[in-house]
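Q: Position 52 of the sequence shown, counted from 1, bears residue number 46 in the working numbering, the numbering being contiguous throughout. Each residue gets a CB set at the ideal place from its N, CA and C atoms; glycine is no exception.
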Amino acid sequence: AYRRTLRALRRTTDRAVVVIMPVTREYIDAHPNGSRDYERWVRVVTRVAREEGVPLLDETRAMPESAFRDLEHLDEAGAEAFSDRLRTTLDGMGW
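1) Tell me, to the nearest whole angstrom, how far the beta carbon of L51 is from that of E20; I am working on the premise that it is less than 8 Å.
2) Out of H67, V11, Y(-4), state which residue places its alpha-carbon closest to the alpha-carbon of T83.
3) Have a look at D23 and M87 and give me their C-alpha separation to the nearest angstrom.
4) Please report the straight-line C-alpha distance between P26 and A43, rounded to a whole angstrom.
5) Tell me whether the beta-carbon of E46 lies closer than 8 Å to the beta-carbon of L0.
6) Return the CA-CA distance between P58 and V17, expressed in angstroms with no decimal places.
7) Could you tell me the distance, in whole angstroms, from the CA atom of V48 to the CA atom of R4?
8) Look at V13 and E74 and say whether their C-beta atoms are less than 8 Å apart.
9) Could you pull out every residue in the same chain whose Cβ sits closer than 6 Å to the Cβ of A61, ignoring the five residues on either side in sequence?
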């Protein structure tokens, strides 16, 4: 499904990018095999994006733990700060 989605995006737009969103250390550790599981997932997501020619930004640890309201969701201030960060990065990519 991920590969099909990337292919559909490439057919319909030249402005696709995959963003691995920031999460807390506790979120990563909550996987059955901790960071080993999470890092394996990141490798697969990254590999498929590369194979499909879609840029990927790994923002897993881009935000401090204090910016989250729970294990994986940014609070309001954190979301605003991350949005600003992402906008700056995308602007730098020519968006």
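A: From the atom records:
1) The pair is not a contact, with the Cβ atoms about 22 Å apart (cut-off 8 Å).
2) V11
3) If you draw a straight line from the Cα of D23 to the Cα of M87, it comes to about 32 Å.
4) 25 Å
5) In this structure, L0 lies closer than 8 Å to E46 by Cβ.
6) 9 Å
7) 8 Å
8) no
9) L68, G72
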